[in-house]
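Residue numbers (our numbering): 264 to 1076. Every residue, glycine too, gets a C-beta built ideally from N, C-alpha and C. Structure first, commentary second.
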């Protein structure tokens, strides 16, 4: 080892010590960077070592959340950025002169604080759990306390309006925004609301109110600030300096011995907690001092939304006011991973004319009741019968095909229809619920394995590169940063040398940002092309693992590409490599060796949209909406926003992949030009899949991006109905075998409920359902000039642009 190399290694090994010395005062200098890595990234620590700022792993080990947490209780996050999704391994956050800047592993901007006009001098992670960005004169330019997520801490106040709103998570492990809000209003009231539509505050249903406004106190002073003081007490300060206590002072343990926080949980309960500062492994977790509401099952009682639990679910209150949700007998969760979500019946209520027999009626032969005491769904009435006996109530529901449940109490009978909302246990009410079920269906509960939610594959941990390891040591000292940068560049020069990013193959040079793989390398990665995971228009897709790093990839072995198009192949690869969008599958590399042409893509763990849609258990309406809009945005990018316009020519469910969070990604884009004419599916130059192919392909008309609009329209109708169009080898049998025709008939006749059948979530969202159907019909117009652009489609789906009533899509209908 040379003298220079020895000193270089010595500097690198001493960097962790320098970093620790530079970080013991909580000060973070401009230029300091943190990297999302598995166990190697050091956070920015407060002087007392109570709080840390950095990246925390979420349930998926390759995803990280920019957050603040207790150093001693790392699983408890007190702040996180709930405006963005968790970022992948290798992402970085830097304190720049303009503020915090978060980038993904490719260096693309993900999020930043508002531009602070190059005034940033340093950051400070203080002992109250507040990360502050300051000017040279110590003036605060930005602080995490002003942008809370779901938690507030002592010394963190809430002011009327602005960003002082707590928003619950979607679940314990899903950190995206949920449906519960805590906010301090301008009138002085602290309120809890549930919001079905995040964009529409008119849908808010209030379920707690502090009653500290002028109106609630006969004109006395209203509340002006929610104060969480250093003693751990929460109260509302009034305009006349009087105090309205939220937490009882007598219940507070000593502040010097305990941590405090107040969190709006994912299930809607706002709770004030404490935790001993000194504790052993066996010490109980956070203990509740105070919570609101007292009974969330009863207090969420608005006319909008499903209640504390999902539709058809039943809520009862557990300890500390937390709801416990359970599907009634004969029902199962739509999403098996969300016990607080909606339930669907294991049967379908059929409205057929009753035919009398010798004894009883058809209804008596088909249906019976589960009897539930003290259970009610108070917001789903469609008929009230009084005075009625218990037997009459039961019989009235049995003979009414719209009646899903009958509630009997005090000689009164309420018939209720799907979806059943605000389900809850009402103790001491002498209420009896007759819940209808189809005979023979109750015992047959489907296996959890048959549900549409698939377990995310455990990914192999990637080995940290020298850059990731070293970047985690960036500290507060300019001198240390100078040594680090010098060491890294010298080391890289010694190890790798100066190389240009060019790929040489067959005496041709291809400048690109994707990797060139040797054929032998891909044979090894796929274990001899052993594990097939899909087939497409161009060949077979295999699962592989690239070493070193053990990165899982999808390798497409092309077998439908014309052999005399080497230049075209490389031109298309270059074009594809320049496309970057969250709703497109990313190309990682390629191989071009003689007769072998292969493409290497990122591995998408949850398979195709086809495998999600066309199963016995429908995905939720919310998820289907999310997927449809994501596909539309991906096509907008291909048609209008990437460097060269790309027409996909084969949009179908098999070419839409779903990642671990069920985000939709379009695959096989940019390859249509490579398909040999003599290898296409017909004797003409038609490209695409039967059922999704636009009419202009058959007319020798000019092919434009509108062919993708047509295919998307068919796909959108499939997403809405969860039914296949006639694009597969197998022909569906039924009253409406052609999906496009059937949808048009349902739309004309006002029978949109037939499209989604017993999908209660979709039926409860009739306006959006109608909007999506109309957009789908516009997209499948035979006259391509009548079809909207994908940008217009996207705007219509999101409700930004009004959707007019479509005309008949085909002149033959």
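**Report entry** Reduced DSSP secondary structure (H/G/I, E/B, other) of residue 1001
**Finding:** coil
Requested in this report: Report yes if the C-beta distance between residue 1007 and residue 1040 is below 8 Å; otherwise report no.
Outcome: yes
Query raised in the report: What span of residues does the alpha helix (DSSP H) with residue 887 cover, start to end?
Result: 884-899
Query raised in the report: From the DSSP output, which residues share a beta bridge with residue 345?
Result: Partner(s): none; residue 345 has no beta bridge.
Query - Bridge partner(s) assigned by DSSP for residue 1151 - result: Here the chain has residues from 264 to 1076 only, and residue 1151 is not among them.
Query raised in the report: How many Å lie between residue 880 and residue 701 at the Cα?
Result: 18 Å
Report task. Evaluate the contact criterion for the region 419-434 versus the region 347-355: three or more CB pairs, one atom per stretch, below 8 Å. Result -> no
Report task. Could you check the C-alpha separation between residue 927 and residue 919 for me, to the nearest Å? Result -> 6 Å
Requested in this report: Could you round the C-beta distance between residue 413 and residue 434 to whole angstroms and report it? I think they count as a contact, below 8 Å.
Outcome: Not a contact, Cβ separation roughly 12 Å.
**Report entry** Any 3 or more C-beta pairs closer than 8 Å across the region 852-864 and the region 883-903
**Finding:** no
Query raised in the report: Between residue 985 and residue 876, which are expected to be in contact by the criterion C-beta below 8 Å, what is the C-beta distance as a whole number of angstroms?
Result: 5 Å
**Report entry** Through-space distance from residue 306 to residue 296, alpha-carbon basis
**Finding:** 10 Å
Requested in this report: With DSSP as the reference, please indicate the residues paired to residue 469 in a beta bridge.
Outcome: 456
Report task. Counting only the same chain and skipping the five closest in sequence on each side, list residues whose C-beta sits under 8 Å from that of residue 1077. Result -> As shown, the chain starts at 264 and ends at 1076. That puts residue 1077 outside it, with no answer to give.
Requested in this report: Please say whether residue 334 and residue 314 have beta carbons closer to each other than 8 Å?
Outcome: yes
Query raised in the report: In this structure, does DSSP put residue 976 in helix, strand or coil?
Result: helix
Query raised in the report: Would you call residue 377 buried or exposed, if buried means 16 or more other Cβ atoms sit within 10 Å of its Cβ?
Result: exposed
Report task. Give a yes or no on whether the C-beta atoms belonging to residue 561 and residue 491 are separated by under 8 Å. Result -> no
Query - Those residues which DSSP pairs with residue 554 across a bridge - result: 534
Query raised in the report: Which class does residue 1016 belong to by DSSP, given the choice of helix, strand or coil?
Result: helix
Query raised in the report: CA-CA distance, residue 666 and residue 587?
Result: 26 Å
**Report entry** Three or more C-beta pairs below 8 Å linking the region 467-476 and the region 440-457
**Finding:** yes
Report task. Reducing DSSP to helix, strand and coil, say where residue 856 ends up. Result -> strand
Query raised in the report: Which full runs of the beta strand (DSSP E) of 3+ residues lie inside the region 642-667, going along the chain?
Result: 644-648
Query - beta strand (DSSP E) segments (min. 3 residues) lying fully within the region 548-609 - result: 550-555, 577-580, 586-589, 594-596, 606-608
Report task. On a CA-only basis, which of 330, 392, 367 is nearest residue 310? Give me that one, please. Result -> 392
Query raised in the report: Looking at the unbroken alpha helix (DSSP H) that takes in residue 927, where does it start and where does it end?
Result: Not the alpha helix (DSSP H): residue 927 falls in the beta strand (DSSP E), residues 927-929.
Report task. Determine contact between the region 648-664 and the region 530-549, defined as no fewer than three beta-carbon pairs at a distance below 8 Å. Result -> no
Query raised in the report: Residues in its own chain within less than 7 Å of residue 366 by CB, not counting five upstream and five downstream?
Result: 354, 355, 372, 373
Query raised in the report: In chain order, what residues of the same chain lie with their CB nearer than 8 Å to the CB of residue 716, ignoring the 5 residues before and after it?
Result: Bear in mind that the predicted position of residue 716 carries a pLDDT of just 26, short of 50, making it unreliable; the figure below should be weighed with that in mind. If we look at residue 716 and ignore the five residues flanking it on each side, its Cβ neighbours are 598, 599, 600.
Requested in this report: Taking 8 Å as the threshold, find out whether the region 651-660 comes into contact with the region 532-541 through three or more Cβ pairs.
Outcome: no
Query raised in the report: Are there three or more Cβ pairs, one per stretch, closer than 8 Å when the region 1050-1068 is compared with the region 1011-1020?
Result: no
Query raised in the report: In its own chain, which residues sit with a C-beta less than 7 Å from the C-beta of residue 566, not counting the 5 before and 5 after it?
Result: 642
Query raised in the report: Given residue 558, which residues of its chain have a CB within under 6 Å of its CB, disregarding the five upstream and five downstream residues?
Result: 580
Query raised in the report: CB residue 469 to CB residue 454, shorter than 8 Å?
Result: yes
Query - Same chain only: Cβ atoms within 6 Å of residue 1027, ignoring 5 sequence neighbours per side - result: 682
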